[in-house]
Amino acid sequence: MVEHFLLACPSYARERWKLRSEALKLSKNMCIETLLGDLDLTLPLANFIDTTHWFKPIAKPDMPRCSTP
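Letter by letter, the sequence shown follows residues 307 to 375 of this note's numbering.
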């Protein structure tokens, strides 16, 4: 599933183009091992994930407040 999301999913082809461009600038292969293991691609990968909105923040439920006696 992760490999499909990062390398193949047609829904994110536009977003992946920028990631691929950054990898090419750095002479890096666009493979799962490189994307997940190369520190030079950390920021481009994070930007890709952010632009896809794949991991949306989960709202924290309201915490009950302690009442003081």
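For glycine and all other residues, C-beta sits at the position ideal for the given N, C-alpha and C.
These numbers were taken from a predicted model, which means no experiment stands behind them.
Look at W360 here: in three-state DSSP terms it is coil, with no helix or strand label. Under the criterion of beta carbons closer than 8 Å, L312 and E328 do not qualify as touching, at roughly 13 Å. Taking 8 Å as the cut-off, the Cβ atoms of F354 and R322 count as close. Under the three-state reduction of DSSP, D346 is assigned to helix. Cβ-Cβ separation between K331 and T340: approximately 13 Å, too far for a contact (criterion under 8 Å).
For A329, the enclosing alpha helix (DSSP H) stretches over residues 319 to 331.
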